[in-house]
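Chains A and B, in that order, are what the protein sequence lines are.
Quick note on full-length UniProt numbering: the first sequence kicks off at 1 and runs consecutively.
Quick note on full-length UniProt numbering: the second sequence kicks off at 1 and runs consecutively.
Glycine included, every Cβ here is placed at the ideal spot set by N, Cα and C.
Notes follow once the structure below has been shown.
There are 2 protein chains.
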Amino acid sequence: MAPHLVQPGWRFWRQAACTLGASVQHRTWAGTPRIPRPGSLWGATTTSPRICRSGSSTSARAPEVTLTRERYPVRRLPFSVVSREDLEAFERVVPGRVITDPEVLEASNVDWLRTVRGSSAVLLRPRTSEEVAHILRYCHERNLAVNPQGGNTGMVGGSVPVFDEIILSTALMNQVISFHDLSGTLVCQAGCVLEELSRHVEERGFIMPLDLGAKGSCHIGGNVATNAGGLRFLRYGSLHGTVLGLEVVLADGTVLNCLSAPRKDNTGYDLKQLFIGSEGTLGVITAVSILCPPKPRAVNVAFLGCPGFPEVLQTFSTCKGLLGEILSAYEFMDAECMWLVRHHLCLASPVQESPFYVLIETSGSRAGHDAEKLNDFLEQVLRSGLVTDGTVATDHMKVKALWALRERISEALSRDGYVYKYDLSLPTERLYDLVTDLRVRLGPQAKHVVGYGHLGDGNLHLNVTSEAFSPSVLDALEPYVYEWTAGQRGSVSAEHGLGFRKRGVISYSKPPEALRLMRQLKALLDPKGILNPYKTLPAQA
Amino acid sequence: MAPHLVQPGWRFWRQAACTLGASVQHRTWAGTPRIPRPGSLWGATTTSPRICRSGSSTSARAPEVTLTRERYPVRRLPFSVVSREDLEAFERVVPGRVITDPEVLEASNVDWLRTVRGSSAVLLRPRTSEEVAHILRYCHERNLAVNPQGGNTGMVGGSVPVFDEIILSTALMNQVISFHDLSGTLVCQAGCVLEELSRHVEERGFIMPLDLGAKGSCHIGGNVATNAGGLRFLRYGSLHGTVLGLEVVLADGTVLNCLSAPRKDNTGYDLKQLFIGSEGTLGVITAVSILCPPKPRAVNVAFLGCPGFPEVLQTFSTCKGLLGEILSAYEFMDAECMWLVRHHLCLASPVQESPFYVLIETSGSRAGHDAEKLNDFLEQVLRSGLVTDGTVATDHMKVKALWALRERISEALSRDGYVYKYDLSLPTERLYDLVTDLRVRLGPQAKHVVGYGHLGDGNLHLNVTSEAFSPSVLDALEPYVYEWTAGQRGSVSAEHGLGFRKRGVISYSKPPEALRLMRQLKALLDPKGILNPYKTLPAQA
Numbered sequence: 001m002a003p004h005l006v007q008p009g010w011r012f013w014r015q016a017a018c019t020l021g022a023s024v025q026h027r028t029w030a031g032t033p034r035i036p037r038p039g040s041l042w043g044a045t046t047t048s049p050r051i052c053r054s055g056s057s058t059s060a061r062a063p064e065v066t067l068t069r070e071r072y073p074v075r076r077l078p079f080s081v082v083s084r085e086d087l088e089a090f091e092r093v094v095p096g097r098v099i100t101d102p103e104v105l106e107a108s109n110v111d112w113l114r115t116v117r118g119s120s121a122v123l124l125r126p127r128t129s130e131e132v133a134h135i136l137r138y139c140h141e142r143n144l145a146v147n148p149q150g151g152n153t154g155m156v157g158g159s160v161p162v163f164d165e166i167i168l169s170t171a172l173m174n175q176v177i178s179f180h181d182l183s184g185t186l187v188c189q190a191g192c193v194l195e196e197l198s199r200h201v202e203e204r205g206f207i208m209p210l211d212l213g214a215k216g217s218c219h220i221g222g223n224v225a226t227n228a229g230g231l232r233f234l235r236y237g238s239l240h241g242t243v244l245g246l247e248v249v250l251a252d253g254t255v256l257n258c259l260s261a262p263r264k265d266n267t268g269y270d271l272k273q274l275f276i277g278s279e280g281t282l283g284v285i286t287a288v289s290i291l292c293p294p295k296p297r298a299v300n301v302a303f304l305g306c307p308g309f310p311e312v313l314q315t316f317s318t319c320k321g322l323l324g325e326i327l328s329a330y331e332f333m334d335a336e337c338m339w340l341v342r343h344h345l346c347l348a349s350p351v352q353e354s355p356f357y358v359l360i361e362t363s364g365s366r367a368g369h370d371a372e373k374l375n376d377f378l379e380q381v382l383r384s385g386l387v388t389d390g391t392v393a394t395d396h397m398k399v400k401a402l403w404a405l406r407e408r409i410s411e412a413l414s415r416d417g418y419v420y421k422y423d424l425s426l427p428t429e430r431l432y433d434l435v436t437d438l439r440v441r442l443g444p445q446a447k448h449v450v451g452y453g454h455l456g457d458g459n460l461h462l463n464v465t466s467e468a469f470s471p472s473v474l475d476a477l478e479p480y481v482y483e484w485t486a487g488q489r490g491s492v493s494a495e496h497g498l499g500f501r502k503r504g505v506i507s508y509s510k511p512p513e514a515l516r517l518m519r520q521l522k523a524l525l526d527p528k529g530i531l532n533p534y535k536t537l538p539a540q541a
Numbered sequence: 001m002a003p004h005l006v007q008p009g010w011r012f013w014r015q016a017a018c019t020l021g022a023s024v025q026h027r028t029w030a031g032t033p034r035i036p037r038p039g040s041l042w043g044a045t046t047t048s049p050r051i052c053r054s055g056s057s058t059s060a061r062a063p064e065v066t067l068t069r070e071r072y073p074v075r076r077l078p079f080s081v082v083s084r085e086d087l088e089a090f091e092r093v094v095p096g097r098v099i100t101d102p103e104v105l106e107a108s109n110v111d112w113l114r115t116v117r118g119s120s121a122v123l124l125r126p127r128t129s130e131e132v133a134h135i136l137r138y139c140h141e142r143n144l145a146v147n148p149q150g151g152n153t154g155m156v157g158g159s160v161p162v163f164d165e166i167i168l169s170t171a172l173m174n175q176v177i178s179f180h181d182l183s184g185t186l187v188c189q190a191g192c193v194l195e196e197l198s199r200h201v202e203e204r205g206f207i208m209p210l211d212l213g214a215k216g217s218c219h220i221g222g223n224v225a226t227n228a229g230g231l232r233f234l235r236y237g238s239l240h241g242t243v244l245g246l247e248v249v250l251a252d253g254t255v256l257n258c259l260s261a262p263r264k265d266n267t268g269y270d271l272k273q274l275f276i277g278s279e280g281t282l283g284v285i286t287a288v289s290i291l292c293p294p295k296p297r298a299v300n301v302a303f304l305g306c307p308g309f310p311e312v313l314q315t316f317s318t319c320k321g322l323l324g325e326i327l328s329a330y331e332f333m334d335a336e337c338m339w340l341v342r343h344h345l346c347l348a349s350p351v352q353e354s355p356f357y358v359l360i361e362t363s364g365s366r367a368g369h370d371a372e373k374l375n376d377f378l379e380q381v382l383r384s385g386l387v388t389d390g391t392v393a394t395d396h397m398k399v400k401a402l403w404a405l406r407e408r409i410s411e412a413l414s415r416d417g418y419v420y421k422y423d424l425s426l427p428t429e430r431l432y433d434l435v436t437d438l439r440v441r442l443g444p445q446a447k448h449v450v451g452y453g454h455l456g457d458g459n460l461h462l463n464v465t466s467e468a469f470s471p472s473v474l475d476a477l478e479p480y481v482y483e484w485t486a487g488q489r490g491s492v493s494a495e496h497g498l499g500f501r502k503r504g505v506i507s508y509s510k511p512p513e514a515l516r517l518m519r520q521l522k523a524l525l526d527p528k529g530i531l532n533p534y535k536t537l538p539a540q541a
């Protein structure tokens, strides 16, 4: 295949992006207050005049999700049942914010992927950590189970009740407490929406250290509780490094205030780390202190076509060398992903058809320098044949348009049929082997077997679709995928967590000694097990 | 004061650094197998022909350090005493590596600052985690206390025994297990010396994410156990973010293998975080997996004189804006620090006398771009009067020479008399107030009250010297310094930890609920309290 751009040049590449026009949408969810549900609002923001072959975006209300307790083999633990007296007690703690209307509760009982559904009869909306402390103290005494809930955007059913757990929402705990202009330290309540925080700090010359497709809905408390990864992980690292302090309410109502944390603090054990990624099972995060990096002055996105996976890897090595400190994302997707976003969402590829596509983002402090680095990199990868076609965008809207191709894959998949989702960490050089392997293994049973994800972090999103749920497809996938991953000493949940749906597979990535210690920690911090039960740790025999 | 360089230019600045010549030494400790003790090897590597006024570098063997149990009010806990049978049992586990020679033991019983001294009669040198597991299982059964020891370079007496604890050295656990060229993941045993690891990964195009003055002696296991900060913290962040996995032997001999960790892993609680910064009190780290950043192609160091502390702060803001992603260190020192390094170590200032000095390091992938950014920054700060004089180095040896001015302050202080050392996190804008405040408070009681440190991280090293130890100086300093810090919601130990000497001050930075949870974690992981007793957590009433 002859290179599309025979004489790659910065301006020329930039122009190419401009031709994308209306066929590329904005990032999913960006700017919307809630995540659209499949079958309802999906695709409502499409501005393209093209007609897609998939008609699901205009379909009627989705069918009801089966109750978790009916679909999965799980037994209710002996917690108390919420009584009228309990509701009255809650009403005294959070007056007017005890929700029992089944219509309102529905959205909080079902996860956004519509795979699990609880039957909670009460949702509480505290505004302060003191209110959370009151609620938990009460629930602890009464042995009532509690399901902490942020934006309910999780991927593993961790954010909704399994049975009748009380839903404790952080939605009204949405105040920014402080922002420090010199250090970039943001302190805020747990219910602040990530996108609103982004706006807040961007007005002050900073950015949030994490970014997710779900940013229009997800809460920072939920991000921390699930140790969310996302699109800036490659550059700014894990929340274990960027979260400076937390305020957490423990199961018995004790307020653990480790919020006023400076950048460096070695006074005793770093307790906040326990709660990062513990999915609300060890305590309820009520406030977060987080370090925000300075806002880059220049952002470029290159969208490239590669002839094979080895070239995707070599392009990554080359780009680490030539882009160095300005590299902020290295994402990849295969040709089937591109087919899906075109077919279901009318998003056209901005480059020639290729077996693989790579999205590279740079963020830097000096546009001219960044452009020079990027151009040198592009010249090299084009000249060497690692890349066969490409386009670059610097304009904010064009950048978002290119990102949409990568970010909306998940949406396109959900329109393709029943989706089997895996979020794996694997050695980068073997990242794609599992995808090709599964295509052979599943044969015509699967509609699509696709691979995409955060290649720069060794994180593969492996997705398989079939017309409808099929036990035989599932049997072909599991435990095969987990065993394959364990064989590579990878992680069976890179960034999505375990929640309810993946808690049974923890042992593929963690030894028995680790699981035992996790259980001991749970027993220490939540002896009655009232916090987000049936999540993270597997059921005990 | 007129700027020294009326027409600042890149090449000109570089030349200025070359004039430093022989009067600036290499980094302290770099390349030496052990840290020199004050009064013995100090200054032995000086190449300067100048005669220093201080004669301590040639003094005879230092006087013996008082035993900790005699100097501090601490009571031995009811552990067993090592018997002949115990020694025989150890000999079976680590044959030929059970050290009881008092001459050899002396170095391991005394901390390098010579402030604390234990009386251990046995030092064990395991080579594998299995041997560590055997030892701990035995000690746990026999109720024998154990003091894990790495390079013994800690600042708070955490690495030496208080009474007769068995010293468990990681010195022979010094093998690199693997290095992954694409991801930069290094896996190694805990006893690897930081400088040797640096060499290992630098040969492969990477650097360690941390760097310390003590790198020639300190062990990576000790770095992780103390959550070491150091010189690259500003750029690469905390070990909580860069450590990917750990192998830890628990108090009862259980091997907790969380070593084969990919970049992203959300399968359950992140157990390794518990051990980072726990100073060997919760488990013995036996192997480390750590993420190494790519080696920068260009490193520049600028050494600048500032007319006041407000200018130091404004220079920091300016430099964050103009240097952006290539900024890798922002250190400051006051005029008294410069006096001390000149007076005691014959290090001459490369710039005109100033109230404050700033050391700025950039690390980037493209020398030309970095030089341009740095030059623009320097022009701006000189023109605006934020900086009155400066010099820049790019050559490796000159870079080291400039760093020596900052890194050897601690050594110069130790030659000035008795040193009262504080390592505080404070809001950056108030960082220096405490120093000026203490100068007034102490008056002529103190020889010197100096402030220096990692300003970019809000970390002040506050040091006070007097001719000899003086209870009245100590009374004037404590608890005043801790109360002042707590009043600013700072940390009373930013990076040095608590160890033995600071464990009593934890409550200035942590609330009672946090301390209670720390004690519960200690009791859970080490129910008999055999691991590094008398450290980190305050004695219980």
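Q) Looking at chain A, which residues of the segment 259-272 of chain B have a Cβ within less than 8 Å of any of its Cβ atoms? A) S260, A261, P262, R263, K264, D265, N266, T267, G268, Y269, D270 and L271
Q) Can you name the residues that DSSP bridges to L168 of chain B? A) Its beta-bridge partners are B:L124 and B:P148.
Q. Tell me which same chain residues have a C-beta within less than 7 Å of the C-beta of R503 of chain B, skipping the five on either side of it?
A. K535, T536, L537 and P538
Q: With DSSP as the reference, label V419 of chain A as helix, strand or coil.
A: strand
(Q) Using CA atoms only, rank isn't needed, just tell me which of B:P355, B:Y452 and B:Y269 is closest to M518 of chain A. (A) Out of B:P355, B:Y452 and B:Y269, B:Y269 has the C-alpha closest to the C-alpha of M518 of chain A.
Q) In terms of alpha-carbon separation, which member of B:D265, B:T318, B:R366 and B:G324 lies closest to P296 of chain B? A) B:R366
Q. Does S425 of chain A come within less than 8 Å of chain B when only Cβ atoms are used?
A. yes
Q | Whole-angstrom distance between I290 of chain B and T242 of chain B, CA atom to CA atom | A | 6 Å
Q: Note down, in chain order, each residue of its chain lying with its Cβ closer than 8 Å to the Cβ of A446 of chain A, except the 5 sequence neighbours on either side.
A: Result list for A446 of chain A: L438, R439, V464, T465, S466 and V473, in chain order.
Q.
Our contact map puts V255 of chain A next to A393 of chain A with C-beta atoms below 8 Å; I'd like the distance itself, whole angstroms only.
A. About 46 Å; that fails the 8 Å criterion.
Q. Thinking C-beta only, is G390 of chain A closer than 8 Å to A302 of chain A?
A. yes
**Q.** Identity of the residue in B:C188, B:P444, B:H240 and B:I167 nearest D101 of chain B by Cα
**A.** B:I167
**Q.** Proximity to Q520 of chain B [Cα-Cα], best of B:T68, B:G324 and B:L274
**A.** B:L274
Q) According to a CB-to-CB cut-off of less than 7 Å, which residues of the segment 516-534 of chain A neighbour chain B? A) L517, M518, Q520, L521 and L524
Q: Could you check the C-alpha separation between residue 558 of chain A and G385 of chain A for me, to the nearest Å?
A: Residue 558 of chain A lies beyond the residue range present for chain A, which begins at 1 and ends at 541; the question has no answer from this structure.
Q) N257 of chain B touches chain A at which residues, Cβ-Cβ below 8 Å? A) P511, E513 and A514
Q | Outcome for N109 of chain B when other beta-carbon atoms lying within 10 angstroms are tallied against a minimum of 16 | A | The residue is buried, with at least 16 neighbouring Cβ atoms inside 10 Å.
Q. Which residues in the same chain have their Cβ closer than 7 Å to the Cβ of V6 of chain A, if we skip the five residues on either side of it in sequence?
A. At V6 of chain A the pLDDT is 28, less than 50, meaning the model places this residue with poor confidence; the figure from the coordinates comes in the next sentence. Cβ within range, chain order: n/a, list empty.
(Q) Using CA atoms only, rank isn't needed, just tell me which of B:E106, B:Y138, B:V81 and B:S120 is closest to R92 of chain B. (A) B:Y138
Q) Shortest alpha-carbon distance to I285 of chain A belongs to which of A:G305, A:V224 and A:S178? A) Residue A:V224 holds the alpha-carbon nearest to the alpha-carbon of I285 of chain A among A:G305, A:V224 and A:S178.
Q: Specify, as a first and last residue, the run of the alpha helix (DSSP H) that G223 of chain A falls within.
A: Per the sequence presented here, residue 223 of chain A reads as Asn, with Gly not at that position. Its alpha helix (DSSP H) spans residues I220 to A225.
Q: Counting only the same chain and skipping the five closest in sequence on each side, list residues whose C-beta sits under 6 Å from that of G222 of chain A.
A: Excluding positions up to five away in sequence, the list reads G150 and G151.
Q | Residues within the segment 453-465 of chain B neighbouring chain A, beta-carbon criterion of under 7 Å | A | D457, G458 and N459
Q | Same chain only: Cβ atoms within 8 Å of W484 of chain B, ignoring 5 sequence neighbours per side | A | L434 and D437, listed in sequence order.
Q: Locate the alpha helix (DSSP H) running through H140 of chain A, then write down its first and last residues.
A: S129 to R142
Q) Between the beta-carbon of P161 of chain A and the beta-carbon of Y236 of chain A, is there less than 8 Å? A) Not in contact: P161 of chain A and Y236 of chain A (Cβ atoms no closer than 8 Å).
Q. Do you know how far the Cα of G451 of chain B is from the Cα of Y480 of chain B?
A. 16 Å
Q: Going by CA-CA distance only, name the one from B:S493, B:G280 and B:H461 that's closest to L136 of chain B.
A: B:G280
Q: Determine the direct distance from the alpha carbon of Y330 of chain A to that of L455 of chain A, and round the result to whole angstroms.
A: Approximately 6 Å, taken between the alpha carbons.
Q) Touching or not, the segment 333-342 of chain B and the segment 410-427 of chain B, by the rule of three or more beta carbon pairs under 8 Å? A) yes
Q: Tell me, please, whether the CB atom of T428 of chain B is closer than 8 Å to any CB atom in chain A?
A: yes
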